[in-house]
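K.L.:
So the sequence shown is numbered by this note's numbering: it starts at 20 and just counts up by one. All residues carry an ideal CB built from backbone N, CA and C; glycine is no exception. Quantities reported herein were computed from a predicted structural model and do not represent experimental measurements.
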Amino acid sequence: MRLSGPPGMRFDVLTIFPDLFASVLQEGILRRALARDLISVKLHDIRDHATDRHRTTDDRPYGGGEGMVMKPEPLAACLRAVQAGESPGRVILLSPRGGRYDQQKAEEYARLSRLILICGRYEGVDERFRRHYVDEELSIGDYILTGGELGAMVVIDSVTRLLPGVLGCTDSARNDTFSRGLLKHAQYTRPRVFEGSEVPEILLSGDHAAIRRYRFLESVRETLERRPALLASVRFTAEEWKLLAREGLLERVRLAGATP
Ligand code: 9D3
């Protein structure tokens, strides 16, 4: 029995809507990671750190304009309380102005012991808070959300599944769509015939080397079809180049930006 060991990764979330996180944390892999202490997630209500009677966390923008801005004092008070006496952690603001979050970022964060995720709302946070307290600003994609909470959930989910012991099989996290830069091949399960449509014969053949080659080529074809720009950062082995040549895919793959 293990009496002590490395404590799991710690996530602190600063938000005015802590209740939004419950369902995401209470099911599936995140629930299991929490139960096994592979992660801990602490939710902090920014409103608890407001000092006025109405517990105000936003105010009108100086200079005029649409919407509201998150006041700096409740955010700073909340963050100081969260950081008090413990390892400071990487402070990340979820915001549409941030750099784009991707799998490489997820892998970087999975190597840290503590992330502090601040969820913006309204039109954003006061610039002085951002400058003095925020290490990194992150967007999860080019679309408009109502706030940073879904972004924080995306970060927690994508980082957690990379942590040792979280997924059943150690390499199922890495041997994955984005770690290689190729899209995953299509998947099939029983029944063998569904509404008249069959599973590709080769997958039933038991010839594992042939199946591996087939799946690799399917991955390349899917990537060419759906996300050709991804190919620019894929490194193929000498054997894979040979296979691509044999299948007449060489020119298309080179055109998409893959280089030997
Ligand atoms: C009119 C200018 N808008 C910026 C595009 C204002 C604005 C819209 C939405 C300001 C904040 C928000 C709330 N969004 C987030 O907090 C957010 C977000 C997003 O909207 N898209 C992608 N990633 C993220 S992370 C946080």
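Are the Cβ atoms of residue 71 and residue 136 separated by less than 9 Å?
P.N.:
no
K.L.:
Please state whether DSSP places residue 63 in a helix, a strand or coil.
P.N.:
strand
K.L.:
Can you determine whether any heavy atom of the ligand 9D3 sits closer than 8 Å to the C-beta of residue 158, and answer yes or no?
P.N.:
yes
K.L.:
Using DSSP bridges, identify the partner residues of residue 77.
P.N.:
89
K.L.:
What do you reckon, is the C-beta of residue 77 under 8 Å from a heavy atom of the ligand 9D3?
P.N.:
no
K.L.:
Consider the C-beta atom of residue 177 and the heavy atoms of the ligand 9D3; say whether any pair is separated by less than 8 Å.
P.N.:
no
K.L.:
How is residue 188 classed by DSSP in three states: helix, strand or coil?
P.N.:
Three-state DSSP puts residue 188 in coil, outside helix and strand.
K.L.:
Could you give the residue range of the beta strand (DSSP E) that holds residue 117?
P.N.:
109–119
K.L.:
Are the stretch 199–211 and the stretch 155–174 in contact at 8 Å, needing three or more beta carbon pairs?
P.N.:
No, the stretch 199–211 does not touch the stretch 155–174.
K.L.:
Go ahead and pull the three-state DSSP assignment for residue 255.
P.N.:
Three-state result, residue 255: coil.
K.L.:
Specify, as a first and last residue, the run of the beta strand (DSSP E) that residue 70 falls within.
P.N.:
Unbroken run through residue 70: none, as it is neither H nor E.
K.L.:
Please report the distance separating the alpha-carbon of residue 250 from that of residue 126.
P.N.:
20 Å
K.L.:
In its own chain, which residues sit with a C-beta less than 6 Å from the C-beta of residue 199, not counting the 5 before and 5 after it?
P.N.:
For residue 199, where only same-chain residues beyond five positions count, there are no Cβ hits under 6 Å.
K.L.:
How is the beta strand (DSSP E) around residue 32 delimited, first residue to last?
P.N.:
Residue 32 -> beta strand (DSSP E) spans 28–34.
K.L.:
Would the beta-carbon of residue 223 fall within 9 Å of that of residue 233?
P.N.:
no
K.L.:
Please say whether residue 105 and residue 68 have beta carbons closer to each other than 9 Å?
P.N.:
no
K.L.:
Taking the beta strand (DSSP E) that residue 135 falls in, what are its first and last residues?
P.N.:
133–138
K.L.:
Along the chain, where does the alpha helix (DSSP H) that runs through residue 177 open and close?
P.N.:
168–179
K.L.:
Check whether the Cβ atoms of residue 35 and residue 64 lie closer than 9 Å to each other.
P.N.:
yes
K.L.:
Just to confirm, is the Cβ distance from residue 293 to residue 94 under 9 Å?
P.N.:
The structure shown does not extend to residue 293, since the chain is modelled only from 20 through 279, so no value can be given for it.
K.L.:
My assumption, with CB atoms under 8 Å, is that residue 40 sits in contact with residue 62. Please give the rounded CB distance.
P.N.:
Yes, residue 40 and residue 62 are in contact; Cβ-Cβ is about 6 Å, under 8 Å.
K.L.:
Taking the beta carbon of residue 264 as the centre, do at least 16 other beta carbons fall within 10 Å, making it buried, or is it exposed?
P.N.:
exposed
K.L.:
Given 8 Å as the limit, is there contact between the stretch 248–262 and the stretch 270–277, that is, 3 or more CB pairs closer than that?
P.N.:
Yes, since at least three Cβ pairs between the stretch 248–262 and the stretch 270–277 fall closer than 8 Å, the two stretches touch.
K.L.:
Would you mind reading off the limits of the beta strand (DSSP E) that contains residue 182?
P.N.:
Judged by DSSP secondary structure, residue 182 falls outside any beta strand (DSSP E); it is assigned neither H nor E.
K.L.:
Using beta-carbon positions only, say whether residue 299 and residue 157 come within less than 9 Å of one another.
P.N.:
Absent from the structure is residue 299, since the part of the chain shown begins at 20 and ends at 279.
K.L.:
Are there any heavy atoms of the ligand 9D3 lying less than 8 Å away from the beta-carbon of residue 34, as far as the coordinates show?
P.N.:
For the ligand 9D3, not one heavy atom lies less than 8 Å from the Cβ of residue 34.
K.L.:
Between residue 142 and residue 260, what straight-line distance do the alpha-carbon atoms span, to the nearest angstrom?
P.N.:
Using only the alpha carbons, I get a separation of about 49 Å.
K.L.:
Please state if the CB of residue 98 and the CB of residue 28 are separated by a distance shorter than 9 Å.
P.N.:
Against a cut-off of 9 Å, the Cβ pair of residue 98 and residue 28 comes out as no contact.
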